[in-house]
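Numbering of the sequence shown is given in full-length UniProt numbering, commencing with residue 1 and proceeding in unit increments.
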Amino acid sequence: MERNGSAPARTSTYGQACMQCFKAKCRCLPRPGGGGCERCFRLGKDCQPSEAARRRNAQKTAAQDARIAQLEGKIDLLFSTIQSLVSSSGTAPHGLQLRQESSSNSTANARSTPSDSSGPSPSGPSPVTDGGPTPASGASSMRILTPGFPTSAEAEEALRFFRSQMLPCFPFLTLPPSLTGSQLRDDRPILFQAILTVTTFSAQRRLPRIEELKQLVFNSALMSSQSSMDLLLGLLTYIAWSTDAFLGRAGLLSRLMVLAISLVYDLRLFKPSRPDVQAIVAYTQGFPDDDPGAGDFMERQRAVLACFVLSSQISCHFGRIDALRWTPQMEDALRVVAANKSCPTDETFAAQVRLQLLTHRAVQVREQHDADSDRFRGGGTPTSSSISGLLYLNTLRTELQALRASLNLDADHPQPWPADLLGAHAYYTAVYLDQTALSLSPPPPHPPPQPRTHGGPTSSSARSTAAGATPGLERLTAFHRSAESIAGWLATFRRMPASRCLALPSHFWTQAVWCNAVLKHLSTHPDPALDCRAVRSRVDLLTTLDWMVAKLEAVSAEAAGGPGLVSSDDLFRLLARLFGRARVWAEARWDLSTALPQGQAGLGGQQAGHGADHCVVGTGQVDGRVPDVEDMSWMDSMDLENDKWLEDVLGWSPATT
1 MERNGSAPAR TSTYGQACMQ CFKAKCRCLP RPGGGGCERC FRLGKDCQPS EAARRRNAQK
61 TAAQDARIAQ LEGKIDLLFS TIQSLVSSSG TAPHGLQLRQ ESSSNSTANA RSTPSDSSGP
121 SPSGPSPVTD GGPTPASGAS SMRILTPGFP TSAEAEEALR FFRSQMLPCF PFLTLPPSLT
181 GSQLRDDRPI LFQAILTVTT FSAQRRLPRI EELKQLVFNS ALMSSQSSMD LLLGLLTYIA
241 WSTDAFLGRA GLLSRLMVLA ISLVYDLRLF KPSRPDVQAI VAYTQGFPDD DPGAGDFMER
301 QRAVLACFVL SSQISCHFGR IDALRWTPQM EDALRVVAAN KSCPTDETFA AQVRLQLLTH
361 RAVQVREQHD ADSDRFRGGG TPTSSSISGL LYLNTLRTEL QALRASLNLD ADHPQPWPAD
421 LLGAHAYYTA VYLDQTALSL SPPPPHPPPQ PRTHGGPTSS SARSTAAGAT PGLERLTAFH
481 RSAESIAGWL ATFRRMPASR CLALPSHFWT QAVWCNAVLK HLSTHPDPAL DCRAVRSRVD
541 LLTTLDWMVA KLEAVSAEAA GGPGLVSSDD LFRLLARLFG RARVWAEARW DLSTALPQGQ
601 AGLGGQQAGH GADHCVVGTG QVDGRVPDVE DMSWMDSMDL ENDKWLEDVL GWSPATT
């Protein structure tokens with residue numbers, strides 16, 4: 001039976017449906033005689049073809065192609081620029097070519113998308129995912145994508161130097177001799193990148209590796225929210241040998257240190273988790289794949305102790321953060337590390353921790369004294385706090401002497417490496433204890449003249465003299481002990497060969513700057529009760545600066561590759577520049593402060609000129625007392641590459657002479 005004698009309906013081809021049927025998602029059937037489709041004719045709607053929409057989509061596709069071409073041009077320009085830089089440094093741009101081929105393939109895949117699609121497919125991969133490395137190939141992708149990535153020989157040399165020269169100076173981890181650079185790169189890429197960074201002494205060459213390390217840390221700690229020993233050890237390695245504090249980047253150092261402290265808490269290194277916490281973690285995150293062995297246990301104990309040492313040093317020198325809290329569990333970890341005979345460097349590391357612990361406790365004494373001083377500012381004096389603090393400092397000094405005796409540290413004879421580094425650390429600790437004692441015992445004020453009686457001085461003046469006898473004696477003793485300890489620190493440093501100084505951690509150079517600042521204060525102190533001339537005869541400031549400049553220049557030559565080679569941007573050259581300018585400053589103004597009689601030194605400090613009120617490398621005021629260690633805030637803003645900082649600190653510019 002025929003249907004009204006009409007021909008069978010013909011369906012519209014794909015992509016040519018009218019706009020009404022396209023919006024309603026209905027089948028579009030064109031009428032045999034033309035004039036629209038059957039649905040629009042039946043509903044009485046205006047049948048509009050979709051050619052205009054298709055034309056708009058075609059224009060959008062053309063704009064996308066133009067944008068892709070523009071991005072390709074920028075990428076080509078970027079890679080050509082990087083290739084020229086890498087070629088000038090003598091590194092083969094093989095990794096860049098691989099990256100460029102990968103980018104070209106990604107662009108070709110993006111262009112192969114059908115032009116008739118109205119948007120990206122929900123099931124298709126995004127360009128970021130396609131272009132980025134997968135977690136399984138992180139190490140290999142880092143090797144391919146990083147410009148100027150070191151060769152295998154360079155990686156092995158960096159690991160060898162770090163393991164044999166740098167790590168004995170601060171042995172907070174163990175790297176077996178059988179471990180190769182490729183193995184370390186695959187197992188612990190962040191630690192490997194940190195080693196590459198700290199073994200690069202040129203500041204210009206170190207900056208790209210610092211950026212690469214920061215990117216790895218950012219991806220691991222923030223993007224992936226990982227807490228791993230690789231991340232913690234990498235951070236501790238970089239912080240221990242970082243030069244940021246000397247180049248105006250102390251803020252970066254403190255932020256990385258806070259991140260390391262947070263990892264210690266996340267990994268529960270300072271104490272084991274409670275049973276209820278372990279149960280919750282097991283239910284929510286599952287049980288660990290394997291239990292840590294004996295080697296992992298010792299590694300964790302060293303890591304938490306190293307985190308304490310570094311955070312305490314940053315807190316002590318720069319005052320930006322609080323140190324990791326010392327707990328009884330950390331005391332147990334210290335005993336375990338000290339008793340470990342299987343690793344010969346653990347004894348040295350335990351001694352370094354104990355020395356820094358003494359300094360940390362001295363910091364706590366000073367902070368408590370400052371808090372008491374603020375409380376008594378309205379009225380009264382914290383005399384009892386000062387006396388108790390001085391008594392506790394004497395206890396710390398006794399512990400320091402016992403530790404020196406147990407380590408056989410003799411100032412008169414050279415010690416094998418790294419025992420001489422421990423000796424320098426012990427001298428620095430002694431200076432810090434004595435400087436803290438000086439800050440707790442300010443000079444007694446000059447009392448007004450008392451009326452004399454036939455019976456001698458009044459009872460009130462006698463009581464004041466008796467009350468000030470102990471702090472005054474302690475002040476005089478601490479003053480001369482500081483000079484002797486600084487002389488011992490300088491003698492130990494002078495005996496170190498330049499090749500050994502190349503591997504010293506950054507806190508040693510902070511000690512060098514700080515000890516020279518204290519030496520200047522002791523050499524120009526205006527208090528007549530303190531014999532500054534004895535300090536000058538014991539340690540001559542100008543002679544000290546002379547040989548320190550020569551020493552640092554020799555170390556810089558070692559960093560450049562040997563004698564006769566010059567590296568103008570390493571830390572040692574910058575420190576030599578600092579001490580050289582300080583030496584010129586001191587020579588220009590030394591006679592102004594030494595030519596006056598001892599009793600007029602305080603007046604000379606005001607009349608000798610604008611520079612006589614400043615320290616060699618600091619801005620402490622000569623006001624009748626040795627400035628507190630916290631008064632040296634200039635160390636927090638230290639920038640050895642900035643001439644303006646040097647002029648502000650010295651209070652004098654070479655151009656003015």
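Where is the CB? At the ideal position from N, CA and C, for every residue including glycine.
In the structure shown, the three-state DSSP call for Asp370 is helix. Excluding five sequence positions before and after Cys37, the CB atoms of its chain that fall closer than 6 Å to its own CB belong to Cys18, Cys28, Leu29, Pro30, Cys47, given in chain order. Judged by pairs of C-beta atoms under 8 Å, the region 157-170 does not touch the region 205-224, as fewer than three such pairs exist. Within the region 320-361, the runs of alpha helix (DSSP H) at least 4 residues long that lie entirely inside it are, in chain order, 328-339. Contact holds between the region 416-435 and the region 507-516, because three or more Cβ pairs, one in each stretch, are under 8 Å apart.
By the C-beta criterion, the region 238-249 is judged not to be in contact with the region 222-230, since fewer than 3 inter-stretch pairs fall below 8 Å. For Asp531, the secondary structure class from DSSP, reduced to helix, strand or coil, is coil. Across the structure, Cys307 and Ile261 are spaced so that their CA atoms are roughly 7 Å apart.
Between the alpha carbons of Leu407 and Arg397 lies a gap of roughly 15 Å. As for any alpha helix (DSSP H) of minimum length 4 sitting wholly inside the region 491-515, the runs are 498-501, ordered along the chain. By the Cβ rule, the region 521-530 does not count as touching the region 178-196, because fewer than three pairs are nearer than 8 Å. Under the criterion of beta carbons closer than 8 Å, Leu545 and Ala582 qualify as touching, at roughly 6 Å.
Here the C-alpha atom of Ala405 lies approximately 30 Å from the C-alpha atom of Ile239. Going by C-alpha positions, Leu78 is about 15 Å away from Ile68.
By the C-beta density criterion, Gly251 is exposed, having fewer than 16 other C-beta atoms within 10 angstroms. Minimum Cα-Cα distance from His369 among the listed residues Leu263, Thr395, Ser439, Glu347 corresponds to Ser439. Sequence-distant partners of Tyr392 (beyond 5 residues in either direction) whose C-beta falls short of 7 Å from its own C-beta, in its chain, are Val365. Between Ala303 and Leu216, the C-beta gap is not smaller than 8 Å, which leaves the two residues out of contact. The Cβ-Cβ distance between Leu578 and Leu640 falls below 8 Å.
Measuring C-alpha to C-alpha distances from Thr345 to each of Ala419, Asp332, Ile314 identifies Ala419 as the nearest. Around the beta carbon of Glu587, fewer than 16 other beta carbons sit within 10 angstroms, so the residue counts as exposed. Using a Cβ distance threshold of 8 Å, Gln20 and Arg42 do not count as a contacting pair. With contacts defined by Cβ atoms closer than 8 Å, Cys316 and Val258 do not form a contacting pair.
Taken in chain order, the unbroken stretches of alpha helix (DSSP H) that lie wholly in the region 180-226 and span 4 residues or more are 181-187, 189-198, 203-218. Inter-residue distance for Phe318 and Ile75 is about 42 Å (C-alpha atoms, whole angstroms).
Within the model, the alpha-carbon separation for Ser50 versus Gln16 is close to 6 Å. In the DSSP assignment, Asp639 is bridged to Leu247. According to the DSSP assignment, Cys40 belongs to the alpha helix (DSSP H) that extends over 38-43. Under the three-state reduction of DSSP output, Pro30 falls in the strand class.
Per DSSP, His525 lies in no alpha helix (DSSP H) and is assigned neither H nor E. Taking C-beta atoms as the reference points, Ser441 and Arg475 count as a pair closer than 8 Å. Of the other Cβ atoms in all chains shown, fewer than 16 fall within 10 Å of the Cβ of Arg325; this residue is therefore exposed.
Secondary structure of Pro176 (DSSP, three-state): coil. In this structure, Ala426 is the residue among Lys341, Ala426, Ser373 with its C-alpha nearest to the C-alpha of Arg354. Leaving aside the five residues that flank Pro177 on each side, none in its chain has a CB nearer than 6 Å to its CB.
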